[in-house]
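Whatever position you read off the sequence shown (first residue = 1), add 343 for the numbering used here.
Ideal Cβ positions, reconstructed from N, Cα and C, are used throughout, including at glycine.
Quantities reported herein were computed from a predicted structural model and do not represent experimental measurements.
Remarks on the structure that follows.
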Amino acid sequence: MSGNAVKTVKGILLTVLAFMSTMVISQQAFGATNAQVQAFIKDNRAAVMAVSNEYGIYPSIQMAQAALESGWGTSQLSTKANNYFGVKWGGSGAYVRCLPKNM
């Protein structure tokens, strides 16, 4: 294997490890079921791969970030507005208002 290939494999392995760690921690933190986690991954896999290929980023990092910020797709913002990254409203056009769970 060439030096670049070894770096690529190491990067992929580290990314997968980071993704799996994030997956377990966020699943526990948000109380997501295994079925919700599997559905989230299945439902978002194609879009994550497309965007990752377009921008040259690891798909596992993008999936992990979406899972973390949306509570595996269970947050109000993700269920009401299909917004997995907490993108904020800029002041014009339609918006979705989400209240904290304790309100």
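DSSP state of residue i mapped onto helix, strand, coil
| i | result |
| --- | --- |
| Ala409 | helix |
| Gly434 | coil |
| Val439 | coil |
| Asn347 | helix |
| Gly354 | helix |
Contact check, residue i vs residue j, beta carbons under 9 angstroms
| i | j | result |
| --- | --- | --- |
| Val391 | Leu420 | no |
| Ala513 | Val380 | The structure shown has nothing for residue 513, since the chain only spans 344 to 446. |
| Thr417 | Ala375 | yes |
| Ile355 | Tyr398 | no |
| Gln408 | Val394 | no |
| Asn426 | Ser413 | yes |
| Thr351 | Ser403 | no |
Limits of the unbroken alpha helix (DSSP H) element including residue i
| i | result |
| --- | --- |
| Tyr398 | Asn377 to Tyr398 |
| Thr422 | Gln419 to Ala424 |
Buried/exposed call for residue i, threshold 16 Cβ in 10 Å
| i | result |
| --- | --- |
| Trp432 | exposed |
| Phe428 | exposed |
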